[in-house]
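S.K.: Going by the numbering used here, the letters in the sequence shown line up with residues 27 to 231, in that order. Here a beta-carbon is modelled for each residue, glycine too, at the ideal position from N, C-alpha and C. Every value quoted in this text rests on a predicted model; they were computed, and no experiment measured them.
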Amino acid sequence: MLSTSAGARLTALLANAKPFVSSDKPSERGTLVVIPEGNLRLPLRLSLPVLTKRRWTSVAVLLTLTIALLGAAATPEARFNKLGHEMICTCGCTQILLECNHVGCPVSPVMIDELHTQLNPGGPDNLILNWFAAKYGATVLAAPMRGGFDDVAWITPLAVFFFATVGVAFLIRVWKLRGGTPATPAGTQPLNDALRAQIRRETEY
């Protein structure tokens with residue numbers, strides 16, 4: 027569609043058009059429209075919507091190909107490697123499942139076999155991770171999944187360790203403050219009752 031100003035200019039040009047004769051036959055007569063040089067960019071403006079549609083089509087095709095390539099890249103072997111690095115071996119080594127170097131580890135081979143079994147049906151990754159978390163606990167995950175209970179299961183041990191450390195440090199400080207009795211004016215420590223009684227018994231003879 028033409029804008030109002032472009033339509034007005036085109037109407038004025040048509041009004042000032044001059045007839046010309048290309049042949050002696052009336053049927054071959056036409057109208058000569060002289061377009062000034064400043065209006066030669068009008069056809070380019072009319073072609074812009076077509077170029078925009080083509081660009082959008084190209085972008086849509088590229089996005090479709092990208093999604094298809096990403097889906098093809100998610101092979102069973104790639105998923106096994108990805109999920110195996112998102113879980114921790116529960117033998118106590120606290121290492122990534124596929125990187126557990128515990129000699130004779132009785133846990134990692136079983137978990138790896140279970141991972142292969144869970145990958146065979148082709149279920150989503152979250153479903154497989156939830157299956158392992160339900161069997162071994164939320165701490166089997168190398169990183170907590172988004173969710174209330176999983177966050178609590180990960181945060182609670184850290185919080186307990188932090189507050190326990192702070193509590194022990196506070197108790198040690200209190201014991202040190204209570205154990206330091208003030209010195210006597212002469213600079214000597216006062217004797218306790220047991221030591222006084224022992225001295226009294228030894229000096230009664």
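Quick one, which of Arg227, Phe106, Ile225, Leu221 has its alpha-carbon nearest Gly148's?
M.R.: For the purposes of this step, residue 148 is taken as residue 122 along the sequence shown, with counting starting at 1. Selection Arg227, Phe106, Ile225, Leu221 evaluated against Gly148 yields Phe106 as nearest (Cα-Cα).
S.K.: So, for Val186: in the same chain, excluding its five sequence neighbours on each side, which residues have a beta-carbon less than 8 Å away from its beta-carbon?
M.R.: Locating residue 186 in the sequence shown gives position 160, counting from the first residue. The answer is none, since no qualifying residue turns up.
S.K.: Are the beta-carbon atoms belonging to Ile154 and Leu145 less than 9 Å from one another?
M.R.: Stepping through the sequence shown from its first residue, residue 154 is reached at position 128. Stepping through the sequence shown from its first residue, residue 145 is reached at position 119. In this structure, Leu145 lies closer than 9 Å to Ile154 by Cβ.
S.K.: How would you write the range of the alpha helix (DSSP H) that Met137 sits in, first residue to last?
M.R.: Here residue 137 refers to the residue found at position 111 when the sequence shown is read from its first residue. Per DSSP, Met137 belongs to the alpha helix (DSSP H) from 134-145.
S.K.: Quick check: the Cα distance between Arg227 and Ile198, rounded to an integer number of angstroms?
M.R.: The count along the sequence shown starts at 1 and reaches residue 227 at position 201. The count along the sequence shown starts at 1 and reaches residue 198 at position 172. Whole-angstrom Cα-Cα distance: 36 Å.
S.K.: To which residues of the same chain is Lys108 closer than 8 Å at the C-beta, ignoring the five residues directly before and after it?
M.R.: Position 82 of the sequence shown, counting from 1, holds the residue named residue 108. If we look at Lys108 and ignore the five residues flanking it on each side, its Cβ neighbours are Asp151.
S.K.: Ends of the alpha helix (DSSP H) at Leu221?
M.R.: On the sequence shown, residue 221 is found 195 positions in, with the first residue counted as 1. 219-228 is the extent of the alpha helix (DSSP H) around Leu221.
S.K.: Asp219 to Thr229, Cα distance in whole Å?
M.R.: Mapped onto the sequence shown, residue 219 falls at position 193. Mapped onto the sequence shown, residue 229 falls at position 203. Between Asp219 and Thr229, the C-alpha separation is close to 15 Å.
S.K.: Looking at Cys115: is its Cβ nearer than 9 Å to the Cβ of Val129?
M.R.: As a working mapping, residue 115 is identified with position 89 in the sequence shown. As a working mapping, residue 129 is identified with position 103 in the sequence shown. Cβ atoms of Cys115 and Val129: not closer than 9 Å.
S.K.: Comparing alpha-carbon positions, which option in His142, Thr83, Val87 lies nearest Ala103?
M.R.: Counting from 1 along the sequence shown, the entry for residue 103 is found at position 77. Here residue 103 turns out to be Glu, not Ala, going by the sequence shown. Of His142, Thr83, Val87, the residue nearest in Cα terms is His142.
S.K.: Assign Glu112 to one of two classes, buried (16 or more other C-beta atoms within 10 Å of its C-beta) or exposed (fewer than that).
M.R.: Reading the sequence shown from its first residue, position 86 is the one you call residue 112. Buried.
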